[in-house]
Amino acid sequence: MATMKELRQERLNKLEQIKELGLNPYPAETNRTHMIAEIVNNFDAMEGKNVQITGRITGIRKFGKLAFIVLRDFSGTIQLFIQANNIAETSKEGNLIGIKDLNLLDSGDFVQANGEVIRSKTGEISVATKELKLLTKSLRPMPTIQDGFSNKEERFRRRYVDMNVNIDVRDRFVRRSKFWQATRDFLNNHGFYEINIPVLEHTTGGADANPFVTHMDALDNAQFYLRISHELPLKRLLGAGFEKVYDLGPRFRNENYSDEHLPEHVAMEWYAAYWDWRDGLKFQEEMFKYVLKETFGTLQFTLGNFNVNLDQKWEEWDYAETIEKRYGINPYNCTLEQVKEALKENNLEVEQTENKARGIDKLWKNIRKDVTGPIWLVNTPTFISPLAKTHPNHPEMTQRAQVVIAGSELCNMFSELNDPIDQLNRFMEQQNMRDAGDDEAMMLDIDFVEMLEYGMPPACGMGYSERVFWIFEGVTAREGVPFPQLKHEISETTKDIYSRINF
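Under the numbering used here, think of the first position of the sequence shown as 21, with each following residue one higher.
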């Protein structure tokens, strides 16, 4: 069996022959009148019409003066029916490849075919090709699943190959695009403005996460963080006079990979002035249904062992009642030792730097993993939610809601804290936790406190990440993004081919 280097050399030889014929193997000009699916899906109306189509060759068969090429564009595939007496000969003018030089083409090459829409004698919809123009000569053959292109690591490294070999993977990212487009459409249609905010921040906050650190040469090598959340800058916009804002883009959390988390991922957060968490809860439930219906065409899903129906009443679970019912401890008056004991009894990790807030959160997540949902977890303790407003008559709990579906928390929503003194006190508590060794505790952001002192209206805010898409798509985090981060690696074949380069 020929090696990749040998196969590549064969194609390089063909490339030289193409050039010797006076053809350009990489022209810029292309002309297309129809996508392939337009022809296939509307054959009765298209039959007999002349069309110009483009795409990648996925198969070639030649029998003397007759040849068949399978051509694929983004919309689908079609057969090119080629007869020696019907197709133009090889010509520099038009960059055309005739039937006698068809052997210079390979699977993977891009071409333009001009011809008449017909149905072949075997009944297959085809384009009787009169002109075949070379657009791109490929130098490496596409592998197949049969060739062994099923290794996850290999697929992640060459996702552009993966999407050619596994069309269902490419279609996944079409749905991912629809997911975010539907998110934008829903918010835009409800009067929200998309305002892009910085990725680089002097002080980062809005979530419990360890940030990435970088430096900016233009500011005397000043230290910056890649944002872990969109929250604080968007709330500054509320202070600036905006009433409905959102941003959609990447955020960065310097944590381990898991099936549900990536250090870099896309997320969205919206904030609405003069709403409280109850207003937001109703709005977000409608938003979930709209976005998922637009993306997947249904509101009923089988997600692993969970059968989820979003088209029903969403239950509400009280945080403290849920913890006490399961573990026999009250989050408000229990001790850290009781929390650690509950963690041990349930075979959950107990860290040296364990604190009550982090421990209670672990206990909740141990419950969450078995929840089918959809449910809203409400009345989160204040010591777990440093940015949420407290209940007027119950300062020990916040006006916060989290939706849980198929064992995962899929969004976070609060009545936003706009009391600058209360916010400063909570920031101080978080900073003390950070100083004690909790790298995920929030930083003290005095600029944000200053903004609150100027005044921010009462508001509700909500955020979700593309983890919502991964859950309903039924894939892990790395399967759910087009180009997941991996350790840098160059294949031995490439090192051999480009041996003159010092990698």
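Just so you know, even glycine gets a beta-carbon here, dropped at the ideal spot from N, CA and C.
Residues near E109 in its chain [Cβ-Cβ closer than 7 Å; skip 5 each side] | Sequence index remark: in the sequence shown, residue 109 carries index 89 (1-based). Contacts found: G118.
Within its chain, find whatever has a CB closer than 6 Å to the CB of I138; leave out the 5 residues flanking it on each side and keep chain order.
-> Within the sequence shown, numbered from 1, the residue matching residue 138 stands at position 118. The answer, listed in chain order, is S146 and A148.
Look at I56 and G75 and say whether their C-beta atoms are less than 8 Å apart.
-> Counted from its first residue, the sequence shown places residue 56 at position 36. Counted from its first residue, the sequence shown places residue 75 at position 55. Result yes, Cβ atoms of I56 and G75 sit closer than 8 Å.
My understanding is that K382 touches L368, with C-beta atoms under 8 Å, so please give their C-beta distance in whole angstroms.
-> Numbered from 1 along the sequence shown, position 362 holds the residue referred to as residue 382. Numbered from 1 along the sequence shown, position 348 holds the residue referred to as residue 368. The Cβ separation is near 5 Å, so the contact holds.
Anyone know if the C-beta pair for L323 and A426 falls short of 8 Å?
-> Here residue 323 is taken as the residue at index 303 of the sequence shown, counted from 1. Here residue 426 is taken as the residue at index 406 of the sequence shown, counted from 1. Yes; because the gap between Cβ atoms is below 8 Å, this pair is in contact.
Tell me the start and end of each unbroken beta strand (DSSP E) in the segment 474–522 that is at least 3 residues and wholly inside, in chain order.
-> 479–485
In chain order, which continuous runs of the beta strand (DSSP E) of length 3 or greater are located wholly inside the segment 295–364?
-> 320–323, 326–329 and 335–338
So, using beta-carbon positions, are M433 and G481 closer together than 8 Å?
-> Counting from 1 along the sequence shown, the entry for residue 433 is found at position 413. Counting from 1 along the sequence shown, the entry for residue 481 is found at position 461. The answer is yes: Cβ separation under 8 Å.
Going by Cα to Cα distance, which pick from E416, D240, R487 and E113 is closest to S428?
-> The sequence position of residue 428 within the sequence shown is 408, counting from 1. For S428, the nearest C-alpha among the options comes from R487.
Mind checking D228: buried by the 16 CB within 10 Å criterion, or exposed?
-> Here residue 228 corresponds to residue number 208 of the sequence shown, with the count starting at 1. Buried is the call here.
Is E214 helix, strand or coil when you go by DSSP?
-> For the purposes of this step, residue 214 is taken as residue 194 along the sequence shown, with counting starting at 1. Of the three classes helix, strand and coil, the one that applies to E214 here is strand, per DSSP.
Is the beta carbon of T315 sitting closer than 8 Å to the one on A202?
-> Walking along the sequence shown from the start, residue 315 turns up at place 295. Walking along the sequence shown from the start, residue 202 turns up at place 182. It is a contact, given that the beta carbons lie within the stated cut-off.
Extent of the continuous alpha helix (DSSP H) run through T203 = Here residue 203 refers to the residue found at position 183 when the sequence shown is read from its first residue. Its alpha helix (DSSP H) spans residues I187 to N209.
If M288 sits next to L258, beta carbons under 8 Å apart, how far is it from one beta carbon to the other, in whole angstroms?
-> In the sequence shown, residue 288 corresponds to position 268, counting from 1. In the sequence shown, residue 258 corresponds to position 238, counting from 1. Between L258 and M288 the Cβ distance is about 16 Å, and since that is not below 8 Å, they are no contact.
Along the alpha helix (DSSP H) that carries D93, what are the first and last residues, could you check?
-> Here residue 93 corresponds to residue number 73 of the sequence shown, with the count starting at 1. Segment L86 to D93 is the beta strand (DSSP E) holding D93; no alpha helix (DSSP H) there.
Please state whether DSSP places Y277 in a helix, a strand or coil.
-> Translated into positions along the sequence shown, residue 277 becomes position 257. Coil.
Just the Cα atoms here: how many angstroms apart are R92 and T156?
-> Sequence index remark: in the sequence shown, residue 92 carries index 72 (1-based). Sequence index remark: in the sequence shown, residue 156 carries index 136 (1-based). C-alpha separation (whole angstroms): 14 Å.
Rounded C-alpha distance that separates Q332 from R31 = Your numbering for residue 332 matches position 312 in the sequence shown. Your numbering for residue 31 matches position 11 in the sequence shown. Approximately 58 Å, taken between the alpha carbons.
Work out the CA separation of T513 and F523 for me, nearest whole Å.
-> Walking along the sequence shown from the start, residue 523 turns up at place 503. Walking along the sequence shown from the start, residue 513 turns up at place 493. Those two C-alpha atoms are separated by around 13 Å.
Between the C-alpha atoms of F326 and A461, what's the straight-line distance to the nearest angstrom?
-> Residue mapping note: residue 326 aligns to position 306 of the sequence shown, counting from 1. Residue mapping note: residue 461 aligns to position 441 of the sequence shown, counting from 1. Distance between the alpha carbons of F326 and A461: 33 Å.
Per DSSP, I98 forms a beta bridge with which residues?
-> For this step, residue 98 is matched to residue 78 along the sequence shown. Beta-bridge pairing links I98 to L91.
In angstroms with no decimal places, state the Cα-to-Cα distance between T164 and E509.
-> Translated into positions along the sequence shown, residue 164 becomes position 144. Translated into positions along the sequence shown, residue 509 becomes position 489. Roughly 22 Å separates the two Cα atoms.
Which residue comes first and which comes last in the beta strand (DSSP E) that contains G75?
-> Position 55 of the sequence shown, counted from the first residue, corresponds to residue 75. Segment N70 to F83, the beta strand (DSSP E) holding G75.
Taking contact to mean at least 3 C-beta pairs separated by less than 8 Å, is the segment 473–480 in contact with the segment 291–306?
-> yes
Cβ-Cβ distance between L125 and I187 below 8 Å | Walking along the sequence shown from the start, residue 125 turns up at place 105. Walking along the sequence shown from the start, residue 187 turns up at place 167. Taking 8 Å as the Cβ cut-off, L125 and I187 do not qualify as a contacting pair.
Quick one: Cα of I466 to Cα of D237, how far?
-> Position 446 of the sequence shown, counted from the first residue, corresponds to residue 466. Position 217 of the sequence shown, counted from the first residue, corresponds to residue 237. So the two alpha carbons sit approximately 24 Å from each other.
Secondary structure of M433, DSSP reduced to three states | For the purposes of this step, residue 433 is taken as the residue at position 413 of the sequence shown. The answer is strand: DSSP assigns M433 an E or B state.
Cross-strand partners of S111 (DSSP beta bridge) | One-based indexing of the sequence shown puts residue 111 at position 91. DSSP lists L116 as partners of S111.
Nearest CA to the CA of L506: which residue from I98, S197, Y277 and R204?
-> Working through the sequence shown from its first residue, we reach residue 506 at position 486. Out of I98, S197, Y277 and R204, Y277 has the C-alpha closest to the C-alpha of L506.
Just the Cα atoms here: how many angstroms apart are E214 and L430?
-> Taking the sequence shown and counting its residues from 1, one reaches residue 214 at position 194. Taking the sequence shown and counting its residues from 1, one reaches residue 430 at position 410. If I take the Cα positions, the gap works out to 21 Å.
Between the Cα of E416 and those of F199, K389 and P351, spot the shortest distance and give me the residue it belongs to.
-> Taking the sequence shown and counting its residues from 1, the one referred to as residue 416 is at position 396. Out of F199, K389 and P351, P351 has the C-alpha closest to the C-alpha of E416.
Whole angstroms is fine: what's the gap from S249's alpha carbon to R346's?
-> Taking the sequence shown and counting its residues from 1, one reaches residue 249 at position 229. Taking the sequence shown and counting its residues from 1, one reaches residue 346 at position 326. Distance between the alpha carbons of S249 and R346: 31 Å.
Distance between Y245 and P231 (C-alpha atoms, nearest Å) = Against the sequence shown, residue 231 aligns to sequence position 211. Against the sequence shown, residue 245 aligns to sequence position 225. Those two C-alpha atoms are separated by around 6 Å.
Use the C-beta contact count for V391: other C-beta atoms within 10 angstroms, 16 or more gives buried, fewer gives exposed.
-> Numbered from its first residue, the sequence shown carries residue 391 at position 371. Classification of V391: buried, given that the 10 Å Cβ count is 16 or more.
Put V370 into one of helix, strand or coil per three-state DSSP.
-> Position 350 of the sequence shown, counting from 1, holds the residue named residue 370. Three-state DSSP puts V370 in coil, outside helix and strand.
Check each candidate in R388, K264, N184 and K112 and name the one with the smallest Cα separation from L43.
-> The residue given as residue 43 occupies position 23 in the sequence shown. Closest option to L43, Cα to Cα, is K112.
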